[in-house]
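Residue 82 in the working numbering sits at position 74 of the sequence shown; the count goes up by one each step and never skips.
Even for Gly, the Cβ is constructed at its ideal location relative to N, Cα and C.
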Amino acid sequence: MISVQMVRSKRYYVTGEVVRTGAFPLVVPTTVLEALMQAGGFREFAKTTKITVLRGSKRFNFNYKEVIRGKNMSQNIQLENGDYVIVP
């Protein structure tokens, strides 16, 4: 008998100027801010006001500095399977 212990088929990706790039499992609802924390934060020259989330043909802008100040929180979207978070 085979049983599934954990579903790991859903993923999001973080790339660019973060400490740990790569694929991350999407097992619980995850926001852009949470994804950036999972990636270990930013490298020294990251452009934290120009982060982009790619979802198919859609692009979403994310300004880290605004979000941590509690401004324009609507940009801290929940990630979906296959999303790319790009930190220039």
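Return the chain-ordered ranges of every beta strand (DSSP E) run that is complete within the segment 34 to 94 and spans a minimum of 3 residues.
59 to 63 and 66 to 70
Between residue 43 and the rest of its own chain, which residues show a CB-CB distance below 8 Å, the 5 nearest in sequence each way excluded?
20, 22, 32, 87 and 93
So the candidates are 76, 17 and 57; which of them puts its Cα closest to the Cα of residue 25?
57
Can you name the residues that DSSP bridges to residue 22?
30 and 93
Taking Cβ positions, are residue 48 and residue 27 nearer each other than 8 Å?
yes
Residues near residue 34 by beta carbon distance below 7 Å, same chain, minus five either side
18, 19, 20, 87 and 89
What is the rounded straight-line gap between the Cα of residue 50 and the Cα of residue 59?
11 Å
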